[in-house]
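Structure, as structure tokens:
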Amino acid sequence: MIEETLKIINENFKEFRVCILATNGTINSKVYHNHTLASNLEFIYLNDEEQDKVMNVITDTKSDKCREAIEINLLSVIKSVKQREEKCLFVLACTELSLYLDVVKKVSNVIDAMDCLVNASIIKCGYKIK
């Protein structure tokens, strides 16, 4: 999933700085940042408050809390980052965050790591993406 996502970024979003939205474990392990396909990309890092909000979005989604409140929380992170960096690409790098792709698409450039993997799998099986 990481490799396919980074391929899409390199092919379509080279001019953007990349902000990975994911769990603390994914961010702290730097699996996206340290991948060989990321060597020419520039990353934006969330501050502690923003990362805490992302983790709350993930855990609140798992707990089936109010979707509207969750979306507001996530969009506040997006807005905060965009105030610092206008030309930013957000990567939804957690399956719970994939649920909010349509909401984030309305306000920013975004790709979903799960979609990148699914599309690559379809193509590798010899089919075309619809």
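All residue numbers for the sequence shown refer to this note's numbering, where the first residue is 40 and numbers rise by one. Ideal placement from N, C-alpha and C gives every residue a C-beta, glycine not left out.
Boundaries (first-last residue) of the beta strand (DSSP E) holding D151 | N148 to D151
If you draw a straight line from the alpha carbon of K92 to that of E81, how long is it in whole angstroms?
-> 23 Å
Measure the alpha-carbon distance for G165 versus I41 and round it to whole angstroms.
-> 21 Å
Run of the alpha helix (DSSP H) containing V143, from where it starts to where it stops = L140 to K144
Below 8 Å between beta carbons: does that hold for N67 and M94?
-> no
Are three or more beta carbon pairs between the segment 104 to 118 and the segment 70 to 78 nearer than 8 Å?
-> no
Should A61 and C133 be called a contact, given that it needs their Cβ atoms to be closer than 8 Å?
-> The beta carbons of A61 and C133 sit closer together than 8 Å.
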